[in-house]
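**Student:** Supplied in structure tokens, the structure appears directly below.
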Amino acid sequence: MERILPFRFDERERVFWLLDQRKLPLEEIWVPVRTAREMAEAIRAMVVRGAPAIGVSAAYGMVLAHLRGEDLEEADRLLRQSRPTAVNLFYALDRMRPHWGNLAGSLKEAQALWREVEATERAISLHGAKVLRGQVLTHCNTGPLATGGYGTALGAIVEAHRQGRVSHVWVDETRPYLQGARLTAYELKKAGVPATLITDNMAGFLMAQGRVDAVIVGVDRMALNGDFANKIGTYTLAVLAHHHGIPFYAALPLSSVDPSLEGGQGIPIEERSSEEVLELRGVRLAPLGVAAYHPAFDITPHRYLTGIITEKGILYPPFDEALRDALGIS
Ligand code: MRU
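Set out below in structure tokens:
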């Protein structure tokens, strides 16, 4: 797969460059980030997005804080407040904390985190490819742009296509932010995988027609029982897949599991600006004065999952036992 990475670090210039995902696919614009404060704002504004990519970016945010002499406590606080749902942000910042005050150590840890993303996603792609076949449907964006590696769900799809198992991908456009239309369609096109864009409300009709063989999505935070938060619309897809007897998989690195949560009800769900629903790229859709609601994620109960694809293999029910086993906790 031709990988389009969401960031690069220029160590000499001490700048972390982000590919502005708000502008893709029409423009490829790189934004320089020089401080942790700027990184927190870039994550909040979704210049960079996707759970693993947010984690790596936050880690480099702490590296920048060291390089610019920012207050580390404040840098950590700003980064933690940037987006609430993806646990990777907090996982990465927890990993950086022991290296506070040590520039070389913090840089090494951020580089290690990034390398781990690549290694775990290579494994996830290979495991995931084994269970995908025919026509696959996916939601949001889980490719290299969302992770900095090979991608989770999309990595598995691309690998399954390379192996001749997957013939075609249905790409949910993913309202309101259009990660599917703008980013997944862009990545699949670059990877040479046949794909067709649909609006989110078309999935049920395609399933009823027998034109979806499997659904695979990414994860922003999973609880120990397998309940998980992912992009708004995932829950709807899970219920539809269950109704039609279609296998439904979630793909994630084990670092996206929050071991402090027994079930999904404790996952914080980000609520974003209603403007993102009322407008499309600055063009007003609804009458002035109309209210809009914008939860950015939803929670899918584990009972709808066929399997959980991790770097350690595919986990099957009972998920609480399988996840504890994979994480090495009792
Ligand atoms: O709001 P976003 O674009 O950051 O949401 C991204 C998703 O929901 C992805 O599915 C998730 O982060 C998994 S990425 C491998």
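If you want my numbering, it's the 1-based position in the sequence shown plus 1494. Glycine included, every Cβ here is placed at the ideal spot set by N, Cα and C. Computed from a predicted model, the values in this text were never measured in an experiment.
#1: With a threshold of 6 angstroms on Cβ separation, who are the neighbours of valine 1525 within its own chain once the five nearest residues in sequence on each side are excluded?
#2: For asparagine 1635, which option in Arg1543, Ala1790, Arg1497 has the closest C-alpha, if you only look at C-alpha atoms?
#3: Over the uninterrupted beta strand (DSSP E) stretch that includes valine 1630, give me the two end residues.
#4: Where histidine 1736 and threonine 1794 are concerned, what is the direct C-alpha to C-alpha distance, given to the nearest angstrom?
#5: Note down, in chain order, each residue of its chain lying with its Cβ closer than 8 angstroms to the Cβ of alanine 1675, except the 5 sequence neighbours on either side.
#6: Does the separation of the CB atoms of leucine 1648 and threonine 1632 fall below 9 angstroms?
#7: For the ligand MRU, is there a heavy atom less than 8 angstroms away from the beta-carbon of isoleucine 1498?
#8: Out of curiosity, what's the CA-to-CA distance linking serine 1768 and glycine 1645?
#9: Would a C-beta distance cut-off of 9 angstroms place serine 1750 and proline 1546 closer than the cut-off?
#10: Quick check: proline 1500 and serine 1551, are their CB atoms within less than 9 angstroms of each other?
#11: Is it right to say isoleucine 1823 is buried, meaning 16 or more other beta carbons lie within 10 angstroms of its own, or is it exposed?
#12: By how many angstroms is the C-alpha of glutamate 1535 removed from the C-alpha of glutamine 1575?
#13: Can you check the stretch 1582-1658 for any beta strand (DSSP E) of at least 3 residues that lies completely inside it and give the ranges in chain order?
#14: On a Cα-Cα basis, can you pick out the residue from Pro1789, Pro1811, Ala1790, Phe1791 that is closest to tyrosine 1798?
#15: Should tyrosine 1585 be labelled buried (16 or more other beta-carbon atoms within 10 Å of its own) or exposed?
#16: If you measure between the beta carbons of glycine 1642 and threonine 1614, is that distance less than 9 angstroms?
#17: Based on Cα-Cα distance, which residue from Leu1677, Met1556, Lys1624, Ser1661 lies nearest to phenylalanine 1503?
#18: Whose C-beta lies closer than 7 angstroms to the C-beta of proline 1762 among residues of the same chain, with five residues either side of it excluded?
#19: How many angstroms separate the CA atom of glycine 1720 from the CA atom of leucine 1817?
**Tutor:** For this structure:
#1: What you label residue 1525 is simply residue 31 of the sequence shown in a count that begins at 1. Leu1512, Asp1514, Val1541.
#2: Position 141 of the sequence shown, counted from the start, is the residue given in the question as residue 1635. Closest by alpha carbon: Arg1543.
#3: Counting from one through the sequence shown, the residue named residue 1630 turns up at place 136. Here the beta strand (DSSP E) through valine 1630 covers 1628-1632.
#4: Position 242 of the sequence shown holds residue 1736. Position 300 of the sequence shown holds residue 1794. The straight-line gap from Cα to Cα measures roughly 12 angstroms.
#5: Indexing the sequence shown from 1 puts residue 1675 at position 181. Here the set comprises Val1665, Glu1667, Thr1668, Leu1691.
#6: If you number the sequence shown from 1, residue 1648 lands on position 154. If you number the sequence shown from 1, residue 1632 lands on position 138. Yes, these two residues count as a Cβ contact at 9 angstroms.
#7: Counting from 1 along the sequence shown, the entry for residue 1498 is found at position 4. Checking every heavy atom of the ligand MRU against the Cβ of isoleucine 1498, none is found closer than 8 angstroms.
#8: Taking the first residue of the sequence shown as 1, we reach residue 1768 at position 274. Taking the first residue of the sequence shown as 1, we reach residue 1645 at position 151. Between serine 1768 and glycine 1645, the C-alpha separation is close to 29 angstroms.
#9: As a first step, residue 1750 must be located in the sequence shown, where it is residue number 256. As a first step, residue 1546 must be located in the sequence shown, where it is residue number 52. Yes; because the gap between Cβ atoms is below 9 angstroms, this pair is in contact.
#10: Sequence index remark: in the sequence shown, residue 1500 carries index 6 (1-based). Sequence index remark: in the sequence shown, residue 1551 carries index 57 (1-based). Contact flag set, yes.
#11: As a first step, residue 1823 is located in the sequence shown; it is residue number 329 there, counting from the start. Isoleucine 1823 is exposed by the Cβ-count criterion.
#12: For this step, residue 1575 is matched to residue 81 along the sequence shown. For this step, residue 1535 is matched to residue 41 along the sequence shown. Rounded to whole angstroms, glutamine 1575 to glutamate 1535 spans 10 angstroms at the Cα level.
#13: 1628-1632
#14: Residue mapping note: residue 1798 aligns to position 304 of the sequence shown, counting from 1. If we check each option's Cα against that of tyrosine 1798, Pro1811 comes out closest.
#15: Counting from one through the sequence shown, the residue named residue 1585 turns up at place 91. Buried.
#16: What you label residue 1642 is simply residue 148 of the sequence shown in a count that begins at 1. What you label residue 1614 is simply residue 120 of the sequence shown in a count that begins at 1. Contact flag unset, no.
#17: Position 9 of the sequence shown, counting from 1, holds the residue named residue 1503. Nearest C-alpha to phenylalanine 1503: Met1556.
#18: By one-based count along the sequence shown, residue 1762 stands at place 268. The residues are Pro1578, Thr1579.
#19: Residue numbering aside, residue 1720 sits at position 226 when the sequence shown is read from its first letter. Residue numbering aside, residue 1817 sits at position 323 when the sequence shown is read from its first letter. Going from the Cα of glycine 1720 to the Cα of leucine 1817 covers about 8 angstroms.
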